[in-house]
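Chemist:
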Amino acid sequence: MMRNRRRAESRSESMGAGVTLLVELAEQDRKSIASLPVLDERDEIELRVIRSNGEVQIVRLPPRAAGMIGALLYSLGHKKRVVLLSEGRAELISRQS
Numbered sequence: 743m744m745r746n747r748r749r750a751e752s753r754s755e756s757m758g759a760g761v762t763l764l765v766e767l768a769e770q771d772r773k774s775i776a777s778l779p780v781l782d783e784r785d786e787i788e789l790r791v792i793r794s795n796g797e798v799q800i801v802r803l804p805p806r807a808a809g810m811i812g813a814l815l816y817s818l819g820h821k822k823r824v825v826l827l828s829e830g831r832a833e834l835i836s837r838q839s
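If you're matching positions, the sequence shown starts at 743 in the numbering used here and goes up one per residue.
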């Protein structure tokens with residue numbers, strides 16, 4: 743099970759509002775993630791989303807997003823907490839979290 747803490751902060755006007763999301767996985771979930779191989783820059787990631795109505799959407803992530811997801815998975819799988827900081831559009835992220 744994923745534990746997270748969210749804190750909305752005001753930043754300078756040029757930066758916009760930011761949201762901080764702190765994520766740490768439970769031991770069982772961490773072990774599952776840690777068993778994945780380390781991604782390299784040639785690897786690709788497809789994201790499969792199963793909606794509550796059963797609809798399935800699959801999208802291939804661009805290389806920069808795949809690199810970020812690879813770093814995220816590695817960190818979560820190796821007992822590290824991950825903090826997500828975002829600039830602008832913070833209201834969208836905070837509603838979806």
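Here a beta-carbon is modelled for each residue, glycine too, at the ideal position from N, C-alpha and C.
If you're wondering where the values come from, they're calculated on a predicted model, not measured in any experiment.
What separation, rounded to the nearest whole angstrom, lies between the Cα atoms of Leu789 and Leu803?
Modeler: Position 47 of the sequence shown, counted from the start, is the residue given in the question as residue 789. Position 61 of the sequence shown, counted from the start, is the residue given in the question as residue 803. Roughly 7 Å separates the two Cα atoms.
Chemist: Report yes if the C-beta distance between Ala808 and Asp785 is below 9 Å; otherwise report no.
Modeler: Sequence index remark: in the sequence shown, residue 808 carries index 66 (1-based). Sequence index remark: in the sequence shown, residue 785 carries index 43 (1-based). Closer than 9 Å, so yes.
Chemist: Looking at the structure shown, is Leu781 part of a helix, part of a strand, or coil, going by DSSP?
Modeler: Position 39 of the sequence shown holds residue 781. The answer is coil: DSSP assigns Leu781 none of H, G, I, E or B.
Chemist: Output the boundary residues of the beta strand (DSSP E) element that contains Ile792.
Modeler: Counting from one through the sequence shown, the residue named residue 792 turns up at place 50. From DSSP, the beta strand (DSSP E) with Ile792 extends over 788–792.
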